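In the working numbering, the protein residues as written are 343 to 527.
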């Protein structure tokens, strides 16, 4: 008998959690192509939940109350857990609004800078772009570190840091005497 009760408890907890999650998702994101989706999600869950409560109750009446309390606790735990998970996800740096655009701009700036570091011809023509003793280049490297830090850290203004990096690269290129035709390529 205890083994059967454990089986019903496990079935109840899983069914309530899955049903609560499915209903939350369906209600948050709309019905989609299936207009009766909420009904069918609830029905499918109740097909398991109701027997998981009724069958043990027939064997031992106090089990019904305990299982109802367990079902309520599971549903509220699922709801609270999902909200907490959404807060954690929202705090992740790459989920910030405008992150993708800022990251694309960041990569473009880094690719432009790499030309001076990796192309021997550019390094010979514009040695100031690799000279950390040059205040403009030093400012560029500080801006790179700041942009990278903001990319990885929640609560920072990544887009503004990328803007400062773009400006620092433009200033360093101007100070190094990079002609406009090279900048446009």
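For every residue, glycine included, the Cβ atom is placed at its ideal position computed from N, Cα and C.
Predicted model only: the values in this text are computed from it and were never measured.
Closest option to residue 444, judged by alpha-carbon separation, among 393, 482, 501, 417: 501.
The C-alpha of residue 344 lies about 21 Å from the C-alpha of residue 416.
Scanning 518, 370, 481, 493 for the CA closest to the CA of residue 434 turns up 493. Here residue 350 carries a helix assignment [DSSP, helix/strand/coil]. Between residue 508 and residue 470, the alpha-carbon positions lie close to 17 Å from each other.
If you look at residue 393, you'll find it in the alpha helix (DSSP H) that goes 379-401.
Across the structure, residue 365 and residue 457 are spaced so that their CA atoms are roughly 53 Å apart.
With respect to residue 387, residue 361 sits close: the two C-beta atoms are nearer than 8 Å.
A contact is defined here as three or more CB-CB pairs under 8 Å, and the stretch 380-394 meets this definition with respect to the stretch 350-361. Here residue 376 carries a coil assignment [DSSP, helix/strand/coil].
Every unbroken stretch of the alpha helix (DSSP H) spanning 4 or more residues and falling wholly within the stretch 411-482 is given here in chain order: 441-460, 462-467. Assigned with DSSP and collapsed to three states, residue 498 falls in coil, not helix or strand.
In the pairwise beta carbon analysis, the stretch 510-520 is classified as touching the stretch 476-496: at least three pairs are separated by under 8 Å. Taking the Cα positions, residue 370 is about 35 Å away from residue 505. Taking the CA atoms as reference points, residue 520 sits about 16 Å from residue 452. Exclusion of the five residues before and after residue 496 leaves 433, 434, 435, 438 as the residues of its chain whose Cβ lies within less than 8 Å of its Cβ. CA-CA distance, residue 403 to residue 418, rounds to 24 Å.
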